[in-house]
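Going by UniProt numbering, the first residue of the sequence shown is number 1, and it counts up by one from there.
Don't be surprised by glycine CBs; every beta carbon is placed ideally from N, CA and C.
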Amino acid sequence: MMTTPAPAPRSDWRAGAAACTTVVLWASAFVSIRSAGEAYSPGALALGRLLTGSLALGALLLIRREGLPGRAAWPGIIKSGLLWFGLYMVVLNWGEQQVDAGTAAMVVNIGPLLIALLGARLLGEGLPRRLVLGMAVSFAGAVVVGLSMSGKGGSSILGVLLCLLAAVAYAAGVVGQKPALAHGSALQITTFGCLVGTVACLPFSGALVSDAAGAPLSATLNMVYLGLFPTALAFTTWAYALARTTAGRMGATTYAVPALVVLMAWLLLDEVPAPLTIGGGLLCLAGVAVSRMRQQTGPTRRNPARPMEGTRHDAESRAADRS
Numbered sequence: 001m002m003t004t005p006a007p008a009p010r011s012d013w014r015a016g017a018a019a020c021t022t023v024v025l026w027a028s029a030f031v032s033i034r035s036a037g038e039a040y041s042p043g044a045l046a047l048g049r050l051l052t053g054s055l056a057l058g059a060l061l062l063i064r065r066e067g068l069p070g071r072a073a074w075p076g077i078i079k080s081g082l083l084w085f086g087l088y089m090v091v092l093n094w095g096e097q098q099v100d101a102g103t104a105a106m107v108v109n110i111g112p113l114l115i116a117l118l119g120a121r122l123l124g125e126g127l128p129r130r131l132v133l134g135m136a137v138s139f140a141g142a143v144v145v146g147l148s149m150s151g152k153g154g155s156s157i158l159g160v161l162l163c164l165l166a167a168v169a170y171a172a173g174v175v176g177q178k179p180a181l182a183h184g185s186a187l188q189i190t191t192f193g194c195l196v197g198t199v200a201c202l203p204f205s206g207a208l209v210s211d212a213a214g215a216p217l218s219a220t221l222n223m224v225y226l227g228l229f230p231t232a233l234a235f236t237t238w239a240y241a242l243a244r245t246t247a248g249r250m251g252a253t254t255y256a257v258p259a260l261v262v263l264m265a266w267l268l269l270d271e272v273p274a275p276l277t278i279g280g281g282l283l284c285l286a287g288v289a290v291s292r293m294r295q296q297t298g299p300t301r302r303n304p305a306r307p308m309e310g311t312r313h314d315a316e317s318r319a320a321d322r323s
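Shown next, in the form of structure tokens:
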């Protein structure tokens, strides 16, 4: 009986490390997109990124001999592939060319809020109080970061609508992916989702060939980086962590991205952030900490809401505690 609780912390640690890996790599993507986006059109950049990611993921899948996921996984794979890997990447690249970085950050960060709402409605995850509070704090921080970065470029109604569409596609794709992870591994779900997105973006093949012919090497290398790390690796670690927690909590974790983007731009691009930007980034991180606080403190016997808020792993941990 005494050895039963041992696997729980280990599993939590791995899922937490996977989530952190995703957040760091997605934050780094903004730096690379800035370079690659100057030479590649939105559709071409999305296709090049997805092609690179699909090749890397496909090779790894063959090496591991994981094969095809279960039949029940395919509806979720197709939804996430079309909405998240395909539509989201194209419209986000397009939208960021139409609005300034601050406006794009504010609008796209509606996505985690939509994930929590859709997860509660469609997946029965519920809306724990700390999750709602943490997301409110983080969203406020994202707005502060956005306002501090606004005014450095032009904005348009089209650009705002494109960023809003990106946020909706992102949220719907995540909620669609969550059930699929019960019928396949993180690598399988990510690989075939990426392949679906690649096929959906094939109409941009001509633009990719044309842009690649005139693009500087640095832009092409940044596109390859986007495919290998923020796509192939980060989406796989995301799926691994998502399979072990709720969609709402995973969405809340991504609010750390604006803070990390500010830090990376400071360190890598020598862009010194304003005090308001730093304050907004700290708010984002504080909100993420609040939203995940329940998981970090572990199971308790005095919280009657745990059966509704937790996952299968939480139930197993509580049974171990009672033993």
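1. What does the Cβ neighbour count give for Val290, buried or exposed, with the cut at 16 atoms within 10 Å?
2. Taking all protein chains shown into account, do 16 or more other C-beta atoms lie within 10 angstroms of the C-beta of Ala27, making it buried, or fewer, making it exposed?
3. If I measure Cβ to Cβ from Val160 and keep anything under 7 Å in the same chain, skipping five residues before and after, which residues do I get?
4. In its own chain, which residues sit with a C-beta less than 7 Å from the C-beta of Glu66, not counting the 5 before and 5 after it?
5. Going straight from the alpha carbon of Gly16 to that of Gln97, what length do you get?
6. Could you name the residues of the same chain whose beta carbon sits closer than 6 Å to that of Gln295, not counting the 5 residues immediately before and after it, in chain order?
7. Given Leu131, which residues of its chain have a CB within under 7 Å of its CB, disregarding the five upstream and five downstream residues?
8. Distance check for Ser148 and Ser32, CA to CA, integer angstroms please.
9. According to DSSP, is Ala17 part of a helix, a strand, or is it coil?
10. Here's the rule I'm using: 16 or more other beta-carbon atoms within 10 Å means buried, otherwise exposed. How should Val272 be labelled?
11. What separation, rounded to the nearest whole angstrom, lies between the Cα atoms of Ser156 and Leu165?
12. Use the C-beta contact count for Ile63: other C-beta atoms within 10 angstroms, 16 or more gives buried, fewer gives exposed.
13. Output the boundary residues of the alpha helix (DSSP H) element that contains Thr52.
14. Could you name the residues of the same chain whose beta carbon sits closer than 8 Å to that of Thr21, not counting the 5 residues immediately before and after it, in chain order?
15. Straight-line CA distance for Leu87 to Ala286?
16. Is DSSP giving Asp211 helix, strand or coil here?
17. Mind reading off the beta-carbon distance from Ala142 to Cys284? Whole number of angstroms is fine, and I expect it under 8 Å.
18. Is DSSP giving Leu90 helix, strand or coil here?
19. Consult DSSP for Ile33 and reduce its assignment to one of helix, strand or coil.
20. With a threshold of 8 Å, are at least 3 pairs of Cβ atoms found where one atom belongs to the stretch 205-215 and the other to the stretch 123-139?
21. Are three or more beta carbon pairs between the stretch 75-93 and the stretch 116-125 nearer than 8 Å?
22. When DSSP labels each residue in this structure, what does Arg302 get in the three-state scheme?
23. Run the CB neighbour count on Gly124, radius 10 Å, all protein chains shown included, and call it buried at 16 or more, exposed below.
24. If you check the beta carbons only, do Ala219 and Ser41 fall under 8 Å apart?
25. Near Leu195, what residues of its chain come up, given a Cβ to Cβ distance below 6 Å and the 5 sequence neighbours on each side ignored?
26. Hey, could you find the ends of the alpha helix (DSSP H) Gly231 is sitting in?
27. For Leu276, which residues in the same chain have their Cβ closer than 7 Å to its Cβ, ignoring the five residues on either side in sequence?
28. By the DSSP assignment, the alpha helix (DSSP H) with Tyr170 in it spans what residues?
29. Take Arg14 as the anchor and find which of Leu268, Arg129, Ala243, Tyr255 has the nearest alpha-carbon.
30. Report yes if the C-beta distance between Leu57 and Cys201 is below 8 Å; otherwise report no.
31. Can you round the beta-carbon distance between Phe85 and Gly193 to whole angstroms, since I take them to be within the 8 Å contact cut?
32. Compute the distance between the beta-carbons of Pro203 and Ala39, then report whether it is under 8 Å.
33. Taking Val168 as the reference, give the member of Gly111, Val90, Leu68 with the closest Cα.
With the structure as the only source:
1. Around the Cβ of Val290, a 10 Å sphere holds 16 or more other Cβ atoms; the residue is buried.
2. By the C-beta density criterion, Ala27 is buried, having at least 16 other C-beta atoms within 10 angstroms.
3. Cβ neighbours of Val160 within its own chain (closer than 7 Å, five residues either side excluded): Val99, Thr103, Val107.
4. Answer for Glu66: Ser185, Leu187, Gln188, listed in chain order.
5. Between Gly16 and Gln97, the C-alpha separation is close to 33 Å.
6. Per-residue confidence for Gln295 stands at a pLDDT of 48, beneath the threshold of 50, marking its modelled position as unreliable; the derived number appears in the next sentence. Excluding positions up to five away in sequence, the list is empty.
7. So the qualifying residues of the chain are Ala116, Gly248, Arg249, Ala252, Ser291.
8. Ser32 and Ser148: Cα-Cα distance of roughly 21 Å.
9. The answer is helix: DSSP assigns Ala17 an H, G or I state.
10. In this structure Val272 is exposed. Its beta-carbon is surrounded by fewer than 16 other beta-carbon atoms within 10 angstroms.
11. Take the alpha-carbon of Ser156 and the one of Leu165: they are about 14 Å apart.
12. Exposed: under 16 other Cβ atoms inside 10 Å.
13. Annotation: the continuous alpha helix (DSSP H) that includes Thr52 extends over 42-64.
14. Result list for Thr21: Leu233, Ala234, Thr237, in chain order.
15. Their Cα atoms are separated by approximately 31 Å.
16. The answer is helix: DSSP assigns Asp211 an H, G or I state.
17. Contact annotation, Ala142 with Cys284: C-beta distance approximately 6 Å; criterion of less than 8 Å satisfied.
18. Residue identity check: residue 90 is Val in the sequence provided, not Leu. Shown here, Val90 sits in a helix according to DSSP, grouped into three states.
19. Correct three-state label for Ile33: helix.
20. Verdict: no, contact absent.
21. Result no; under three Cβ-Cβ pairs closer than 8 Å.
22. Because Arg302 sits at a pLDDT of 45, beneath the cut-off of 50, its placement in the model cannot be relied upon, and the following sentence gives the value as read from the coordinates. Residue state for Arg302 is assigned as coil, using DSSP reduced to three classes.
23. Exposed, because fewer than 16 other Cβ atoms sit within 10 Å of the Cβ of Gly124.
24. No, the Cβ-Cβ distance between Ala219 and Ser41 is not below 8 Å.
25. Contacts found: Ser54.
26. First, the residue type needs correcting, since residue 231 is Thr and not Gly in the sequence shown. Unbroken run through Thr231: none, as it is neither H nor E.
27. Hits under 7 Å: Val144, Ser148.
28. For Tyr170, the uninterrupted alpha helix (DSSP H) segment begins and ends at 157-180.
29. The shortest C-alpha to C-alpha distance from Arg14 to any of Leu268, Arg129, Ala243, Tyr255 is the one to Ala243.
30. Taking 8 Å as the Cβ cut-off, Leu57 and Cys201 do not qualify as a contacting pair.
31. Yes, they are in contact, since the Cβ atoms of Phe85 and Gly193 sit about 5 Å apart, within 8 Å.
32. No, the Cβ-Cβ distance between Pro203 and Ala39 is not below 8 Å.
33. When each option's Cα is compared against that of Val168, the closest is Gly111.
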